[in-house]
Structures are given as C-alpha cells and as structure tokens.
Amino acid sequence: MRILVCKDYESMSKKAAQIILSQVTLKPNSVLGLATGSTPIGMYKNLVDMYKNGVVDFSDIITFNLDEYYKLPITNDQSYHYFMQENLFNHININPANIHIPNGMADNIEKECEEYENSIKDAGGIDIQILGIGRNAHIGFNEPTTSFEKGTHLVDLTPSTIEANARFFKSEDEVPKKAITMGTGSIFKARKIVMLACGEDKADAIYNTVYGKITPKIPASILQLHDDVVLILDEAAASKLSPSDYLN
Ligand code: PGA
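If you're matching positions, the sequence shown starts at 3 in the working numbering and goes up one per residue.
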C-alpha cells in the first residue's frame, strides 16, 4: 500500500486527477471506476480543467460508478446519477453510452445487480478504481458487516452513514435507507485502487484501513491484501498514521 500525504484538499485532488490523467493517456479506452461523495469533487474539477485545456481526451473511456441510492429518481439532485452529470460528465467528452451507474429504480434489483457485474466483466474489468471512505471505513456502500460481499448487491445503510449523508438532504428522514453498491469483491478485482480521504473525521477509518485487522467489520481493511493500492490523504486524514509509512 502506498501512502501519499498531501498538505491540503487541493493538492490531494490535483494528485488524484494526475493519476487519472496518466491512466487515460497511457490507455485511452481505460475502464474507470468512479466514486461520489464530497471527497472526489476537487479531483473531478481538476479533470474538467484538464479536458478544457486540451490536456486529456475522454472520448474512449468507459466508466462504472460504485453505487446509487435505492428508489431515488435520477432527477433528484441527490442521486449519484445527478452528481456525476453535474460534477463530471456534463463537462467532458465522454460517450454517454460508456457511462454505467447502478439503476436504483430497477424493478428487478437482483437482475440489475447481476447485469451490472456482467457489464464490468464484458468491459474487461476495471483498470483504476477511485474510492472514498466512510467514517466507519465503508467502501462504496459496503458497510461493516460479518462477511465480505462479492458482487453488486442491495444493501441497508447503517445509521452512521444515514447520519453522515443527511447533510445533503433536507432532513435525515429523506435519506434513502438502502442502496445498490458494487461488492467488496467487485472493487477488489480492480487492477489499481486509489483511495482519497480528507479531514480529521476520517483519521480513525484510515488508521484501521492501514493497520487494522482484515475483517468485514472494517470493509476497507481488505485493501491491505491488494497489490496496487494508493491512499491519497490530506494531513488530517493521515494524522493517526506513522510518518515512516508515508511515501513523500
Ligand atoms: P464523503 O463520503 O466523500 O462525502 O466523505 C465518502 C464515503 O462515504 O465513501
């Protein structure tokens, strides 16, 4: 696991965008695994700027998002479909046919999950997966539980996630209580994983990701077993790590 500690959110976001730039430059038809949440917004801004400055061409990329709320229409401004359009897709030259986000409105959720997994497989697997992390160390919406889930599935959100995400809704009652998420197994199959975290409230989750016991109770701890993981952190998120583990 490589750990990059950046002085602030801006430099963390820039570094993450540079990694995507280099991936897409080397392989224009890269399969990118994308994340939502407040953490990657700065990275997306940097990517949009790079595109506007003619530094990168997204016309051949294929994307798969980690998750989507269950039964929240995509026109709702808190849906992850809406988030991705607003923060990235509306501003770059991605082919809309190459965008994949789980359909939380599907009538047959089991079929939707199976088809999502199959589409990732048909695209040749994910080259680079961007991840945020929850305060409870969830990745995607894989909440702490008793066993790692392999594939895309419907999940009950934990009270701590509902509370954390209430800041985006008018009230906690409006936060969906379920979501479709790629499984820990789907995430783990990505050839490269880049996790972003910023702020003091992620320091414990990051500590547990790096040093904790590998257990589904700390979903991100599984990343210790992956061959190609980079954590890009600001100083606050890295504050509980030993500086001797940093790669600077
Ligand atoms: P955040 O969410 O970026 O809004 O903190 C991360 C997550 O819950 O995975």
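C-beta: ideal position from N, C-alpha, C; glycine also.
Nearest to residue i (by Cα), restricted to the options the options
i: Ile182; options: Val231, His83, Leu225; result: His83
i: Ser24; options: Met86, Gln80, Ile130; result: Ile130
i: Ala239; options: Ile208, Val50, Asp229, Ile122; result: Ile208
i: Thr38; options: Asp69, Val50, Lys54; result: Asp69
i: Tyr213; options: Lys219, Ala205, Lys204, Ser223; result: Ser223
i: Glu258; options: Asp124, Lys9, Gly187; result: Given that the chain is displayed from residue 3 to residue 250, the structure contains no residue 258 and the question cannot be resolved.
i: Lys9; options: Leu156, Asp109, Gly201, Ser40; result: Gly201
i: Tyr71; options: Asn167, Leu235, Leu227; result: Asn167
i: Asn55; options: Arg169, Ile94, Gln80; result: Ile94
i: Thr27; options: Leu6, Val7, Val58, Ser40; result: Val58
Nearest-angstrom Cα separation, counted from residue j out to residue i
i: Phe190; j: Leu34; result: 14 Å
i: Ser13; j: Thr148; result: 36 Å
i: Ile128; j: Arg193; result: 6 Å
i: Glu145; j: Phe60; result: 32 Å
i: Leu198; j: Lys29; result: 22 Å
i: Lys179; j: Ile96; result: 31 Å
i: Asn105; j: Glu119; result: 13 Å
i: Leu90; j: Ile64; result: 13 Å
i: Ile103; j: Asn67; result: 5 Å
i: Glu237; j: Ser246; result: 14 Å
i: Val231; j: Ala99; result: 29 Å
i: Phe143; j: Asn31; result: 27 Å
i: Met107; j: Thr77; result: 11 Å
i: Pro218; j: Ile141; result: 11 Å
i: Arg169; j: Ser40; result: 11 Å
i: Glu114; j: Lys17; result: 34 Å
8 Å Cβ cutoff, residue i in contact with chain C
i: Pro42; result: Protein chains in the displayed structure number just one, and chain C is not present.
Helix, strand or coil at residue i [DSSP, three-state]
i: Asn100; result: helix
i: Tyr20; result: What sits at residue 20 in the sequence shown is Gln, not Tyr. Helix, per DSSP.
i: Leu227; result: helix
i: Asp124; result: helix
i: Ile76; result: coil
i: Ile208; result: helix
i: Glu151; result: coil
i: Leu159; result: coil
i: Leu233; result: strand
i: Thr183; result: strand
i: Ile257; result: Since the first and last residues shown for the chain are 3 and 250, residue 257 lies out of range.
Cβ distance (whole Å) where residue i is taken to contact residue j below 8 Å
i: Gly134; j: Pro42; result: 6 Å
i: Leu233; j: Met45; result: Not confirmed; about 14 Å, so no contact.
i: Ile132; j: Val196; result: 5 Å
Continuous beta strand (DSSP E) stretch holding residue i: start and end
i: Leu6; result: 4 to 8
i: Glu88; result: Element bounds for Glu88: not the beta strand (DSSP E) but the alpha helix (DSSP H), 82 to 89.
i: Thr65; result: 64 to 67
i: Ala199; result: 194 to 199
i: Gly35; result: 33 to 36
i: Ile220; result: Run containing Ile220: none; DSSP gives neither H nor E here.
i: Ile130; result: 130 to 133
Segment limits, alpha helix (DSSP H) that includes residue i
i: Lys54; result: 43 to 54
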